[in-house]
Each structure stands twice: as structure tokens, then as C-alpha cells.
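Q: Numbering (my numbering), first residue to last: 2 to 272.
My questions all concern the structure below.
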């Protein structure tokens, strides 16, 4: 295993959502605390690892689709630690010259992204917190890389379920939607309460609380749909992860029972 770069809290062995997700999908940039948290979550919800990998497959499909549609600007909010099939790789293969900004509030994710992108003039990785959209969208490096007055694909994949009601997630998303230019697309996924028994959600939240990591929250279909505001849903609408423009090359774990994927996914257009 590669040695993980330093991040705030790492010296205390503190788990983070980015490290937890990386541990789930078998990445190399996580701490023992991240792996311990992943193991606890897997004991409660054995399908959560496959759900994380299925979420990553959805992200790849979405980026591929919108790059093929002609979009050349991608803003990945809460990007986490880069893994195989990064946004910039897929976007730039399908749309040469596409520009990509990764944003995360954990230094390890940003530092890893910067290492990967050091020879890529059209993609950057910056430190920012989704709970402060004004600061994120006002970032100098972001605005040098993408033009917010032109259509952007805003990716909020596996992000919003880490924003509790106290973080005012709907207000956060409203600010982000308002700043996007007409023609922009919002792509998001969210852990769904329909997938889990209340006791499962409570046990996972307790494990996160014990590790001092941000606790995930689940929301139901209508609550997730609300994040799109007045944007126009793009076919097939808000559906379970494996149901959004499925590919035979993607994991097939949840095809027969998509609710078990654990998350809803969708994309919507700003007119």
C-alpha cells in the first residue's frame, strides 16, 4: 500500500467520508480509522461496498453521457479521493479539451488530486466545503479553469447524504443552482431511506459518530427529488443507481433488485 498523504486530523487517526469511501472501494489512500469504519458499516449493511462501487459506475456513465452530449465543463463537488475512471479522464477522452474542477473539504483528496493532475492543464483539485457554496464558486483557481457563465455539469455524487438538516442542504443546493448558467446540468446521488431499516441507519450513524466522522443521513424519494428544484429532469428521471442509463459493462449486483443499491440517482437541466 502507498503511504497516504497527511490531512487535517490524520495524526489523530480520524476517519473521514473521503477515506471511508476509498476504503470501501479498495482504494489505497485511506487510514486505519477509515478501514475500521468501513468494516463496521459492512457488518451492518453487507451490500454497502457494492453500493459504493455501483455509485462510482453511475458517475462514470453520467460523465460519459454528458461529454458525448457536448458538455466541456465539469465541477465535481465533494469529489473524494480519486479512483479508477476519474471524471477528467472520461470527460477528456470523450470531449478533448474538457475542463474539470474537483472540490473536496479533505486535504488528502485534494492533495491526491493535485498529484494526479500535475501535468494536466485543463483540470484542477481545490480545497472547498460544499456547505459554503459562495466561497467554492468564488475560488480563484476554479474561475480560471471553468467559466460559470457557460453551461457546467455539476456533480454532487455521494455528497448530499453527508449534509445534515443543520447544514441547510436545500439552501446550499438552491445557491448552487442559481449560480449555474442556463443549459447547465445537475447530477446527484443520495442514500435512500427506502433501502435501509431504521435500525441499520442508526447503527451506521453511531459508528460514524464514534469515529468523529461526518454522519450520513438517508432521505426518501421526495426529499431527494427536492434537491433538483425547478430544473427539468432528464430521462430516466430520479431512479435507483443501476437504473440510470445502465451499461452491460457495469457491475450487475443490483440489477434484479435495484432498491438494494442503497441510493437514488438522477440528472436535471437548467432551462
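Cβ atoms here follow ideal geometry from the backbone N, Cα and C, with glycine treated the same way.
As the structure is a computational prediction, the values presented were derived from the model and not from experiment.
(1) My output table needs one value for residue 171: the three-state DSSP class, helix, strand or coil.
(2) Roughly how many whole angstroms lie between the Cα atoms of residue 219 and residue 194?
(3) Taking its Cβ as the centre, do 16 or more other Cβ atoms sit within 10 Å of residue 63, making it buried, or is it exposed?
(4) Assess contact between the stretch 64 to 76 and the stretch 138 to 156, defined as three or more Cβ pairs (one per stretch) separated by less than 8 Å. Is contact present?
(5) What does the Cβ neighbour count give for residue 17, buried or exposed, with the cut at 16 atoms within 10 Å?
(6) Please name the residue in 167, 121, 102 whose C-alpha comes closest to that of residue 139.
(7) If contact is defined by three or more beta carbon pairs under 8 Å, each pair taking one atom from either stretch, is the stretch 85 to 102 in contact with the stretch 113 to 128?
(8) DSSP three-state call for residue 127: helix, strand or coil?
(9) Quick one: what's got a C-beta closer than 7 Å to residue 12's C-beta in the same chain, skipping five residues either side?
(10) For residue 1, which beta-bridge partners are listed by DSSP?
(11) Of all the beta strand (DSSP E) runs that stay within the bounds of the stretch 75 to 112, which reach a length of 3 or more residues?
(12) Nearest by alpha-carbon distance to residue 96: which of 77, 86, 73 is it?
(13) What do you get for residue 253, buried or exposed, if any count of 16 or more other CB atoms within 10 angstroms of its CB means buried?
(14) Are the stretch 125 to 137 and the stretch 49 to 56 touching by the rule of at least three beta carbon pairs closer than 8 Å?
(15) What number of angstroms, rounded off, separates the C-alpha of residue 28 from the C-alpha of residue 244?
(16) In this structure, how does DSSP classify residue 225 when only helix, strand and coil are distinguished?
(17) Whole angstroms are fine: how far does the CA of residue 175 sit from the CA of residue 166?
(18) Check whether the Cβ atoms of residue 92 and residue 186 sit closer than 7 Å, and answer yes or no.
A: With the given structure in hand:
(1) Position 170 of the chain shown, counted from the start, is the residue given in the question as residue 171. In the three-state reduction of the DSSP assignment, residue 171 falls in the helix class, which pools H, G and I.
(2) Reading the chain shown from its first residue, position 218 is the one you call residue 219. Reading the chain shown from its first residue, position 193 is the one you call residue 194. The straight-line gap from Cα to Cα measures roughly 5 Å.
(3) Position 62 of the chain shown, counted from the first residue, corresponds to residue 63. Looking at its Cβ environment, which holds 16 or more other Cβ atoms inside 10 Å, residue 63 is buried.
(4) Between the stretch 64 to 76 and the stretch 138 to 156 there are three or more inter-stretch CB-CB distances shorter than 8 Å, so the stretches are counted as touching.
(5) Position 16 of the chain shown holds residue 17. Answer is buried; the Cβ neighbour count reaches 16.
(6) The sequence position of residue 139 within the chain shown is 138, counting from 1. The option with the nearest alpha carbon to residue 139 is 102.
(7) yes
(8) Locating residue 127 in the chain shown gives position 126, counting from the first residue. Strand at residue 127.
(9) Stepping through the chain shown from its first residue, residue 12 is reached at position 11. For residue 12, the predicted structure reports a pLDDT of 40, less than 50, and the residue's modelled location is therefore unreliable. A value from the coordinates is still provided. Excluding positions up to five away in sequence, the list is empty.
(10) This structure cannot speak to residue 1, because the chain is shown only from 2 to 272.
(11) 100 to 105
(12) As a position in the chain shown, residue 96 is number 95, starting the count at 1. Among 77, 86, 73, the Cα nearest to that of residue 96 belongs to 73.
(13) Locating residue 253 in the chain shown gives position 252, counting from the first residue. Residue 253 should be labelled exposed.
(14) With a cut-off of 8 Å, the stretch 49 to 56 and the stretch 125 to 137 do not count as touching, because too few Cβ pairs lie within range.
(15) Here residue 28 refers to the residue found at position 27 when the chain shown is read from its first residue. Here residue 244 refers to the residue found at position 243 when the chain shown is read from its first residue. The straight-line gap from Cα to Cα measures roughly 25 Å.
(16) Reading the chain shown from its first residue, position 224 is the one you call residue 225. Helix.
(17) Looking up residue 166 in the chain shown gives position 165. Looking up residue 175 in the chain shown gives position 174. Going from the Cα of residue 166 to the Cα of residue 175 covers about 14 Å.
(18) For the purposes of this step, residue 92 is identified with residue 91 of the chain shown, where counting begins at 1. For the purposes of this step, residue 186 is identified with residue 185 of the chain shown, where counting begins at 1. Going by C-beta atoms, residue 92 is not nearer than 7 Å to residue 186.
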